[in-house]
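S.K.: My questions will all concern the structure given below.
2 protein chains.
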Amino acid sequence: MCPTTPTCDKPPESLGILLGLVKSELVRALEQEIAEQGVELRFSQVQALKRLNLVGPMSAGELARSLGHDGGALTRLLDQLEEKGYLRRKPDPQDRRALRIELTASGKSLCRELGGCSDRVMNAAQKSLSKDERRHLIDYLQRILTTLRQ
Amino acid sequence: MCPTTPTCDKPPESLGILLGLVKSELVRALEQEIAEQGVELRFSQVQALKRLNLVGPMSAGELARSLGHDGGALTRLLDQLEEKGYLRRKPDPQDRRALRIELTASGKSLCRELGGCSDRVMNAAQKSLSKDERRHLIDYLQRILTTLRQ
DNA sequence: GAGACATATTTGCCTTGACAAATATATATC
DNA sequence: GATATATATTTGTCAAGGCAAATATGTCTC
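If you read the sequences in order, they're chains C and U. Per numbering that gives the first Met the number 0, the first sequence runs over residues 0 to 149. Per numbering that gives the first Met the number 0, the second sequence runs over residues 0 to 149.
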């Protein structure tokens, strides 16, 4: 229906671009939902809090890797979230170079509030996909990621 | 094998994060491949050139939309590529507000050189996916994108 | 235990890209 | 055809995040 002829208005996006488009729309949708709850947080900040809430305290490096951020970016993300009182940096008793990042009571309660928010957005976004298709999507992406990282 | 218990080291990524991780690895891989060809271009610049090469001259707005960029970002992208001599801005004869962006001879020949580069990277990345799975992946992503844009 | 090397975090610098305001032109309405 | 509104591009401003250097600490080898 849309062959790659020069006359075709919308040739299929390359995978790289498509991924970027979907991600930025997801970010936009989630940030809007968050804002409607009266909370002032960006996508990455929400993801960091969710991660900490899900797996518990961890080092800055671990958190950076799981969010796909560089160390420098994470330092600044932590600054913002600590400033807002949602988490705190504690020294790691085993390793004096490292930090143990943990949610404050306020951070945990925010995560409870925000809990459904993110699920709602993700569900709405994947409305047209069946349960199986959603699983496959995640699976394909994880396989590509694994390949790219060798 | 990896239930969402607090003791699990690597709970599944959220879709939003996973998309970002895959995209940034793809970008990194492509930029490295490009650099190895001795060409100094970033991911977005390559995508813009490929797009122009594929569908022919178009307005700045069209190009921006197909790359998922804002107008301002596109102006600066065009500045860089025009500076390097790969494209030129011509006035649109039908609409004096608009531009007609077209590749120069140098831009076209660069695209020929780069042609296989991007395919190689994408193929390597999707090595573990079958033809059908690759088609499904694109399909799922496009459906999500359509949903998000209402 | 001294030196060499690896790792965790922070900081500085820089590029990319979003958003909004400005400008120019097109289109529609009266 | 004058006015209002919509669209195309450019520019200013800003925040996010990548990379590299700096610092502190851990680990390994002799």
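We put the beta carbon where it would ideally sit given N, CA and C, even for glycine. Given the structure is predicted, the values throughout are model-derived calculations rather than measurements.
Starting from lysine 89 of chain C and walking both ways along the beta strand (DSSP E), at which residues does that stretch end?
M.R.: Locating residue 89 of chain C in the first sequence gives position 90, where the first residue counts as 1. Run containing lysine 89 of chain C: 86-90, per the beta strand (DSSP E) assignment.
S.K.: Helix, strand or coil: how does DSSP classify leucine 62 of chain U here?
M.R.: Numbered from its first residue, the second sequence carries residue 62 of chain U at position 63. Helix at leucine 62 of chain U.
S.K.: How long is the line joining the alpha carbons of isoleucine 33 of chain U and proline 90 of chain C, rounded to whole angstroms?
M.R.: Counted from its first residue, the second sequence places residue 33 of chain U at position 34. Counted from its first residue, the first sequence places residue 90 of chain C at position 91. Those two C-alpha atoms are separated by around 42 Å.
S.K.: In chain U, which residues lie less than 7 Å from glutamate 132 of chain C when you measure between Cβ atoms?
M.R.: Position 133 of the first sequence holds residue 132 of chain C. Under the 7 Å cutoff, chain U gives Tyr139.
S.K.: Short check: CB of arginine 88 of chain U to CB of leucine 66 of chain U, under 8 Å?
M.R.: Within the second sequence, the letter at position 89 stands for residue 88 of chain U. Within the second sequence, the letter at position 67 stands for residue 66 of chain U. Cβ atoms of arginine 88 of chain U and leucine 66 of chain U: not closer than 8 Å.
S.K.: Please confirm whether leucine 147 of chain C has its beta-carbon closer than 8 Å to some beta-carbon of chain U.
M.R.: To locate residue 147 of chain C, count along the first sequence from 1; it is residue 148. Yes, because at least one Cβ of chain U sits closer than 8 Å to the Cβ of leucine 147 of chain C.
S.K.: Which one or two residues does DSSP pair with isoleucine 100 of chain C in a beta bridge?
M.R.: As a working mapping, residue 100 of chain C is identified with position 101 in the first sequence. Beta-bridge pairing links isoleucine 100 of chain C to C/Met57, C/Arg88.
S.K.: Closer than 8 Å by C-beta to leucine 109 of chain U: which residues in its own chain qualify, once you throw out the five before and the five after it? Chain order, please.
M.R.: Here the question's residue 109 of chain U lines up with position 110 in the second sequence. Result list for leucine 109 of chain U: Val38, Leu48, Tyr85, in chain order.
S.K.: Between which two residues does the alpha helix (DSSP H) harbouring lysine 22 of chain C extend?
M.R.: Taking the first residue of the first sequence as 1, we reach residue 22 of chain C at position 23. Element bounds for lysine 22 of chain C: 14-35.
S.K.: Going by Cα to Cα distance, which pick from U/Leu98, U/Thr146, U/His135 is closest to serine 127 of chain C?
M.R.: The count along the first sequence starts at 1 and reaches residue 127 of chain C at position 128. It is U/Thr146.
S.K.: Thinking C-beta only, is glycine 19 of chain U closer than 8 Å to lysine 22 of chain C?
M.R.: Within the first sequence, the letter at position 23 stands for residue 22 of chain C. Within the second sequence, the letter at position 20 stands for residue 19 of chain U. Yes, the Cβ-Cβ distance between lysine 22 of chain C and glycine 19 of chain U is below 8 Å.
S.K.: Buried or exposed for alanine 28 of chain U, going by 16 or more other Cβ atoms inside 10 Å?
M.R.: Position 29 of the second sequence, counting from 1, holds the residue named residue 28 of chain U. Label assigned to alanine 28 of chain U: buried.
S.K.: Return the CA-CA distance between glycine 106 of chain U and aspartate 78 of chain U, expressed in angstroms with no decimal places.
M.R.: As a position in the second sequence, residue 106 of chain U is number 107, starting the count at 1. As a position in the second sequence, residue 78 of chain U is number 79, starting the count at 1. For glycine 106 of chain U and aspartate 78 of chain U, the distance between alpha carbons rounds to 14 Å.
S.K.: Listing by chain order, which chain U residues have their CB less than 9 Å from the CB of valine 26 of chain C?
M.R.: As a position in the first sequence, residue 26 of chain C is number 27, starting the count at 1. Per Cβ cutoff of 9 Å: Gly15, Gly19.
S.K.: So that I know if they touch, is there some Cβ in chain C lying closer than 8 Å to that of serine 129 of chain U?
M.R.: As a first step, residue 129 of chain U is located in the second sequence; it is residue number 130 there, counting from the start. It does not; no Cβ of chain C falls within 8 Å.
S.K.: With 8 Å as the threshold, decide whether the Cβ of glycine 67 of chain C is near any Cβ in chain U.
M.R.: On the first sequence, position 68 is the one that residue 67 of chain C refers to. It does; some Cβ of chain U falls within 8 Å.
S.K.: Grab me the residues of glutamate 12 of chain C's own chain with a C-beta within less than 8 Å of its C-beta, minus the 5 sequence neighbours each way, in chain order.
M.R.: As a working mapping, residue 12 of chain C is identified with position 13 in the first sequence. Here the set comprises Leu20.
S.K.: Going along the chain, which residues of its own chain have a beta-carbon closer than 6 Å to the beta-carbon of methionine 0 of chain C, five neighbours each way excluded?
M.R.: The residue labelled residue 0 of chain C in the question sits at position 1 within the first sequence. Its pLDDT being 43, under 50, methionine 0 of chain C is placed unreliably by the model, and the measurement read from it follows with that caveat. If we look at methionine 0 of chain C and ignore the five residues flanking it on each side, it has no Cβ neighbours.
S.K.: Tell me where the alpha helix (DSSP H) around aspartate 131 of chain U begins and ends.
M.R.: Taking the second sequence and counting its residues from 1, one reaches residue 131 of chain U at position 132. That run of the alpha helix (DSSP H) goes 130-147.
S.K.: Using the three-state DSSP reduction, which class does lysine 49 of chain U fall into: helix, strand or coil?
M.R.: As a first step, residue 49 of chain U is located in the second sequence; it is residue number 50 there, counting from the start. Looking at lysine 49 of chain U - three-state DSSP - the assignment turns out to be helix.
S.K.: Using DSSP with H/G/I as helix, E/B as strand and the rest coil, what is valine 38 of chain C?
M.R.: Walking along the first sequence from the start, residue 38 of chain C turns up at place 39. Residue state, collapsed to three classes: coil.
S.K.: Kindly say whether histidine 135 of chain C, judged by its beta-carbon, lies nearer than 8 Å to any beta-carbon of chain U.
M.R.: Here residue 135 of chain C corresponds to residue number 136 of the first sequence, with the count starting at 1. Yes, histidine 135 of chain C lies at the interface with chain U (some Cβ there is under 8 Å from its Cβ).
S.K.: Should glycine 15 of chain U go down as buried or exposed, given a rule of 16 or more other Cβ atoms within 10 Å for buried?
M.R.: On the second sequence, position 16 is the one that residue 15 of chain U refers to. The residue in question, glycine 15 of chain U, is buried, as its Cβ has 16 or more Cβ neighbours within 10 Å.
S.K.: Cβ atoms of leucine 17 of chain U and leucine 73 of chain C: under 8 Å apart, would you say?
M.R.: The sequence position of residue 73 of chain C within the first sequence is 74, counting from 1. The sequence position of residue 17 of chain U within the second sequence is 18, counting from 1. Not a contact, by the Cβ cut-off of 8 Å.
S.K.: Would you verify that the beta carbon of proline 2 of chain C is, or is not, closer than 8 Å to some beta carbon of chain U?
M.R.: Here the question's residue 2 of chain C lines up with position 3 in the first sequence. Here proline 2 of chain C scores only 39 on pLDDT, less than 50, and its place in the model is too uncertain to base an answer on.
S.K.: Quick one: list the residues of chain U neighbouring serine 23 of chain C, beta-carbon separation under 8 Å, in chain order.
M.R.: The residue you call residue 23 of chain C lines up with position 24 of the first sequence. Within chain U, the residues near serine 23 of chain C are Gly67.
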